[in-house]
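Comments concern the structure below.
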Amino acid sequence: MPGETEGKRGLAGGAVLEALSDLVEDFVAGAQLLHAAFVDPSRMASHATYIDSLEQASDLTIAQMLGAAERSGDGHPFGGVRLIILSQHLDAAMDALEEISDLMRIYHRFEIVPTEQSVRLASYLRRISEELSLCVEGVKRGEDISERVRAAAAVENEADVAYRAVLTALLVLGADPVQTMRWKDIYDRLEEAIDRCEDVAQFLGGVMYGAEGMEG
Numbered sequence: 673m674p675g676e677t678e679g680k681r682g683l684a685g686g687a688v689l690e691a692l693s694d695l696v697e698d699f700v701a702g703a704q705l706l707h708a709a710f711v712d713p714s715r716m717a718s719h720a721t722y723i724d725s726l727e728q729a730s731d732l733t734i735a736q737m738l739g740a741a742e743r744s745g746d747g748h749p750f751g752g753v754r755l756i757i758l759s760q761h762l763d764a765a766m767d768a769l770e771e772i773s774d775l776m777r778i779y780h781r782f783e784i785v786p787t788e789q790s791v792r793l794a795s796y797l798r799r800i801s802e803e804l805s806l807c808v809e810g811v812k813r814g815e816d817i818s819e820r821v822r823a824a825a826a827v828e829n830e831a832d833v834a835y836r837a838v839l840t841a842l843l844v845l846g847a848d849p850v851q852t853m854r855w856k857d858i859y860d861r862l863e864e865a866i867d868r869c870e871d872v873a874q875f876l877g878g879v880m881y882g883a884e885g886m887e888g
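Structural data, given as structure tokens:
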């Protein structure tokens, strides 16, 4: 599977939206694999390896996007500073995804089973990544993505409530300090990845509305 992510990258002709679409689709694939591994920990090692390959490929795409940002300037809706900010959000999301999978791969070796709460948060990450993919497809078609942006925000709000409840339970129950630290690391990174997805969706919405204003 890792080979599938190689060779398809590049910004030939300045196809920033195509590169963005590829990047987000890889993130969706990673989020789906991560959730599947939380549900079935026997898949953790193989899925984590593939997520690593997705993150490495994304670094190349993001570097190319940053290069395109320098060349395009701020006149294009997805150029200049906007593209730099977008790249940073996506890079943070992909990094968090890889960090989660790496930690879970280590935990799996010690037969540490995912908690019910971690599975739930991983499902929120999968859902918001899929909403983000729909946002990008809408941008590519020049559609109004406001509904998709609101849907992503709704998932993030649900995840935020779940995250706060998980942390409260983790600290109040007085679990083993080592276990508490382990799971807090996982929960924090899941929340970080979810937040970054919502940031990207909101940013895309803002760019689209701004582009429409410039065209008007």
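So that you can map any letter, position 208 of the sequence shown is 880 in the numbering used here, and since no number is skipped, the others follow by simple counting.
A virtual CB, placed ideally from N, CA and C, is assigned to each residue, including glycine.
Query	Result
Mind checking whether residue 710 and residue 786 have CB atoms under 8 Å apart?	yes
Taking the alpha-carbon positions, what's the residue 853 to residue 804 distance?	30 Å
Could you please give the first and the last residue of the uninterrupted alpha helix (DSSP H) stretch that includes residue 710?	688-711
Going by DSSP in three states, residue 817 sits in which element: helix, strand or coil?	coil
Using a Cβ-based criterion (distance less than 7 Å to any ligand heavy atom), does residue 879 qualify as near the ligand MG?	This structure lacks the ligand MG, and indeed carries no ligand of any kind.
Check whether the Cβ atoms of residue 761 and residue 875 lie closer than 8 Å to each other.	yes
Hey, out of 734, 833 and 800, whose CA is closest to residue 694's CA?	734
Report the residue from 864, 866, 862 and 850 whose alpha carbon sits nearest the alpha carbon of residue 784.	850
Classify residue 790: buried if its beta carbon has 16 or more other beta carbons within 10 angstroms, exposed otherwise.	buried
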